[in-house]
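Working notes for the structure below.
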Amino acid sequence: MMTVSRRIVFCAGHRIWGHEGRCAHLHGHNYTAIFHAAAEELDPLGRVIDFSILKDRLGGWIDKHWDHGFICHRGDEQTIAVLRSIPGQKMFLLDDNPTAENLAQYLLRVVGPEQLAGTGVRLVKVELWETENCRAEVTA
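Mapping the sequence shown onto the numbering used here, position 90 (from 1) lands on 91, and the numbers just tick up by one.
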């Protein structure tokens, strides 16, 4: 098995619904997602996948759904109500709290298979850096 990695940077807001500290407040991060994709064989040009495909498919999904938006727990009615009061505000609802761990898991288990379908490549790991000091990692 061969792997390649693609780094995607995006900005998004969130709050951790029910958090015991500062993260209970609305705030945002400059996230860095590192996608690790694998294939059993290289393509005829000697690649796992062209890096631009990872950028277009995975980065494109992030741009459309998360970048410069707000990621919310579906049960966080207060935050959802506030965001809906702002015309044009981008909001993405998750079944889980938008922790770095849950976001990385969502990217690996939902976004990766959906966006890489038909390429012969699968995500095997996602690293999500919430700050330069804090990251979550999930593997297949």
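Yeah, the Cβ is synthetic: ideal placement off N, Cα and C, and Gly gets one too.
Within a Cβ cutoff of 8 Å, which residues of the same chain sit near residue i, ignoring the five residues on either side of it in sequence?
i, result
"Ala141", "Leu109, Arg123, Leu124, Val125, Lys126"
"Ala25", "Arg16, Ile17, Trp18, Gly19"
Residues bridged to residue i by DSSP?
i, result
"Trp130", "Thr33, Arg136"
"Phe11", "Tyr32"
"His3", "Residue identity check: residue 3 is Met in the sequence provided, not His. Looking at the DSSP assignment, Met3 forms a beta bridge with Ala40."
"Gly70", "Ala13"
"Leu124", "Ala38"
Find the nearest neighbour of residue i within the set the options, judged by alpha-carbon distance.
i, options, result
"Val10", "Glu21, Met3, Asn31, His26", "Asn31"
"Gly29", "Arg85, Thr132, Val139", "Thr132"
"Leu59", "Gly121, Glu138, Leu117", "Leu117"
"His66", "Val83, Gly119, Tyr107", "Tyr107"
"Ile63", "Arg48, Ala82, Asp51, Cys12", "Cys12"
For residue i, which residues in the same chain have their Cβ closer than 7 Å to its Cβ, ignoring the five residues on either side in sequence?
i, result
"Thr100", "Ile17"
"Ser6", "Ile35, Phe36, His37"
"Glu41", "Met2"
"Leu43", "Met3, Val49"
So, for residue i: in the same chain, excluding its five sequence neighbours on each side, which residues have a beta-carbon less than 6 Å away from its beta-carbon?
i, result
"Trp130", "Thr33, Arg136"
"Val139", "Ala105, Gln106, Leu109, Val127"
Quick check on the burial criterion: 16 or more other C-beta atoms within 10 angstroms. Buried or exposed for residue i?
i, result
"Asp77", "buried"
"Thr80", "buried"
"Gly14", "buried"
Three or more C-beta pairs below 8 Å linking the stretch 91 to 98 and the stretch 66 to 73: The answer is yes - the stretch 66 to 73 touches the stretch 91 to 98, with three or more Cβ pairs under 8 Å.
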